[in-house]
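Note that this note's numbering numbers the sequence shown so that position 73 is 166, with each residue one more than the last.
No residue lacks a Cβ here, since even glycine has one placed at the ideal position from N, Cα and C.
See structure below.
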Amino acid sequence: MKTANIIPFFVIIPLASAFLITVFKNRPKNFSDFVVILATFSLLLLSLNSLQLLNSSKMIIYKIGGWLPPLGICLVVDGLAGFMLVTVNLTVFLVMVYAIRYMQLYTDKWKFHSLFMLMLAGMNGIIISGDLFNLYVFLEVASICAYALVAFGTEPEDLEAAFKYTIMGSLASLFILLGIGLIYCYVSTLNMADISFALSAKPNGALIGFVSVLFLAGFGLKAALVPFHAWLPDAHSSAPTPVSAVLSGVLIKTLGIYALSRVFFNILGISGNILLVLIVLGMLSMVAGAFLAIVQTDVKRMFAYSSISQIGYIIFAFGIGTPLAILGGLFHLFNHAIFKSLLFLNAGAIEYSTGRRDLRKLGGLGSKLPVTGATSLLGSMSISGIPPLSGFWSKLIIIIASVQAGYIGFAFIAVLVSIVTLAYYLKFQTFAFLGKVDETLTKIKEIPMTMKLSMVILAGICVVAGLMLVPLFRPILKSAADVLSSGTGYRYAVFEALK
């Protein structure tokens, strides 16, 4: 198989899996479980293989039908796309292992699996798209499946959250589609690299400024940045736990952060004004998310607001715009995918065993759920930035980059927000796992083995992810960061790879 021929399989495998699951449902029994585990594990191996292939060539391009862009559609995997593919498919695989037993609480598990694989096809498609139209198509595929998955429980609050998410998500999609349409009218091409070349030969006037605002609003809504965040707490807290883990862990990063950074850094070209806007949005999200999280008593709502705060760190790092800051932002993106997925799985384990999510009605679970307690402690300390766990290193890089860039005040705020983060995760640990066990919870048991396995692996990654800074792993992060740091140099890399 030629190197580039593996790229379409990032979409083909999940689409084929969704089709097979829909056709056969659960005949034979647990057929959908087998299909999703096999598919997601295969995608994880393909993602790791793509990183290996990128060692010999900095960019891999698949030309659909053999047509050369800009006339033909191309799929592109560079350092940033390879990094995102590993992040997404690693997280989804572990969440699907957890879901084998957890989703037995729901009926029609095959429908859940089918929607989930379609959402994964959308996320992978966004990452490998080489043109804006297909990026939008895959974004809509992932979004529509996410709307349905949030409502999967069919309780009134689930349906209300899904409705709110659908309205806000559709508005975001409208902004993005309008922006793409205006760009196409202006440059008569949809290929990302070709758009960048065309814009370099034209004056970037009011139209491009207006398009930038549309993209900021659209992708900002998808990423749940403050003030576009209102949909996220309801959606993430109402969805089934595996859905919450993926929504917070990778979906908002793929549909929001990845797409936003790809468009602004590699296509439109980043400017001082855009960087300043990203810094402001990052700071607002960082602070607002933390202080909204600390007052929550519902575990999943606390984690949802925490996601808004941590996304703020990533956007703030991208707003600084230096190579070190971008590297730190991408490292924190990976870390957040791991420890936030872990924490949502911990919340699901608590609810699975106790039927409760209200911190005021929990307590003493550390003795009854030792694996859940230990893994949630590692996840809580990692997201709070406690050394030597992974979250400490990514936050440290962002703060150092902020000081180097002269944003000392913002660096101080980032440290304070991390202290607030520690405060509400200590609250979570104290209320859930310490103290006396409620009399009604004395007979609860630890969760099934497959659920524990996912949590243990994710907790292990929180411990060892700092190795990404060790010379053996640092090139993975650096190659991803270089794609954004090079800015519109992306266009030269694409056409050079096509030769």
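According to the Cβ coordinates, are residue i and residue j closer than 8 Å?
i      : j      : result
Lys488 : Ser511 : yes
Tyr406 : Ala494 : no
Cys167 : Ile153 : no
Tyr240 : Gly262 : yes
Val339 : Thr184 : yes
Ile363 : Gly580 : yes
Ser266 : Glu233 : yes
Gly472 : Phe432 : yes
Arg394 : Ser477 : no
Ser399 : Tyr583 : no
Phe124 : Phe117 : yes
Ala504 : Val496 : yes
Can you tell me the Cα-Cα spacing of residue i and residue j, whole angstroms?
i      : j      : result
Met94  : Leu138 : Reliability of the predicted coordinates at Met94 is poor, the pLDDT of 44 falling under 50, and the value obtained from them is presented with this limitation in mind. Between Met94 and Leu138, the C-alpha separation is close to 15 Å.
Gln145 : Leu452 : 45 Å
Ala174 : Lys461 : 42 Å
Gly441 : Thr334 : 5 Å
Met216 : Thr523 : 36 Å
Pro416 : Phe245 : 41 Å
Asp201 : Thr259 : 22 Å
Tyr277 : Val356 : 14 Å
Val556 : Gly414 : 28 Å
Val319 : Leu264 : 16 Å
Met212 : Cys238 : 5 Å
Glu248 : Met196 : 16 Å
Gly412 : Arg567 : 22 Å
Val306 : Gly559 : 36 Å
Asn98  : Gly158 : 12 Å
Asp251 : Val563 : 43 Å
Leu515 : Ala383 : 10 Å
Ala255 : His206 : 18 Å
Val549 : Gln389 : 26 Å
Ala467 : Ile387 : 21 Å
Ser293 : Ser143 : 31 Å
Ala498 : Asn359 : 22 Å
Phe427 : Ser341 : 12 Å
Thr115 : Val343 : 25 Å
Leu324 : Ser149 : The identity of residue 324 in the sequence shown is Trp, whereas the question assumes Leu. Roughly 43 Å between the two C-alpha positions.
Asp327 : Ala299 : 37 Å
Leu565 : Val179 : 16 Å
Phe485 : Ala552 : 14 Å
Thr96  : Leu147 : 10 Å
Arg120 : Leu361 : 49 Å
Pro296 : Ala286 : 17 Å
Glu55  : Ile130 : Nothing in the structure corresponds to residue 55, since the chain is present only between 94 and 592.
Lys257 : Lys545 : 33 Å
Among residues of its own chain, excluding the 5 on either side of residue i, which ones have a beta-carbon nearer than 8 Å to its beta-carbon?
i      : result
Ser547 : Leu187, Val188, Val190, Tyr191 and Leu438
Ile273 : Leu225, Phe226, Tyr229 and Leu283
Ile443 : Val392, Arg449, Arg450, Leu455, Leu458, Leu462, Thr465 and Ala525
Phe268 : Leu307, Phe308, Ala310, Gly311 and Leu314
Val380 : Ser402, Gly405, Ile506 and Val510
Excluding five sequence neighbours on each side, which residues of the same chain lie with their C-beta closer than 6 Å to the C-beta of residue i?
i      : result
Met210 : Pro107, Ser110 and Ala111
Asn182 : Leu136, Leu137 and Ser140
Gly313 : Phe321
Gly375 : Gly405, Ile408, Phe409 and Gly412
Leu482 : Met474, Ser475 and Cys555
Met177 : Ile220 and Tyr351
Ile193 : Asp126 and Thr543
Leu70  : Nothing can be reported for residue 70: it is not among the residues displayed for the chain, which extend from 94 to 592.
Ala397 : Leu325, Pro326, His329 and Ser330
I'd like the list of long-range same chain contacts for residue i, defined as Cβ closer than 7 Å, with 5 residues on each side in sequence excluded.
i      : result
Leu309 : Val370
Leu113 : Val128
Phe102 : Leu139
Ile569 : Leu144, Phe176 and Met561
Gly422 : Ile407, Ala410, Phe411 and Ile491
Ser354 : Phe411 and Leu577
Between residue i and residue j, how many whole angstroms is the CB-CB distance? I'm expecting something under 8 Å.
i      : j      : result
Leu527 : Gly457 : 7 Å
Val169 : Ile221 : 6 Å
Ile540 : Ser446 : 6 Å
Ala332 : Leu242 : 6 Å
Leu348 : Ala235 : 6 Å
Ser578 : Ile372 : In fact, because the Cβ distance is near 17 Å, the residues do not count as touching under 8 Å.
Ala586 : Lys122 : Incorrect: roughly 49 Å between the Cβ atoms, too far for contact.
Gly165 : Asp575 : With 8 Å as the limit, Gly165 and Asp575 do not qualify as a contact, their Cβ atoms being about 27 Å apart.
Within 8 Å of any Cβ in chain B, is that where the Cβ of residue i sits?
i      : result
Lys315 : Going by chain labels, chain B is absent from the structure shown, which holds only one protein chain.
With a threshold of 7 Å (Cβ to nearest heavy atom), would residue i be considered close to the ligand GTP?
i      : result
Asp201 : Of the ligands one can find in the structure shown there are none, so the ligand GTP has no counterpart to examine.
*Going along the chain, which unbroken runs of the beta strand (DSSP E) with 3 or more residues stay wholly within the segment 132 to 187?*
The segment 132 to 187 contains these whole beta strand (DSSP E) runs: 153 to 156 and 167 to 170.
_Contiguous alpha helix (DSSP H) assignments of at least 4 residues, all confined to the segment 376 to 448_ = Counting whole runs of 4 or more residues, the segment 376 to 448 contains the alpha helix (DSSP H) stretches 392 to 413 and 416 to 447.
*List in chain order: all unbroken beta strand (DSSP E) runs of 3+ residues lying wholly within the segment 230 to 260.*
The segment 230 to 260 contains no whole beta strand (DSSP E) run of 3 or more residues.
_Please give the ranges of any alpha helix (DSSP H) in the segment 282 to 352, keeping only runs that are unbroken, at least 4 residues long and fully inside the region._
For the segment 282 to 352, whole alpha helix (DSSP H) runs of length 4 or above, ordered along the chain, are 285 to 293, 299 to 316, 325 to 331 and 334 to 339.
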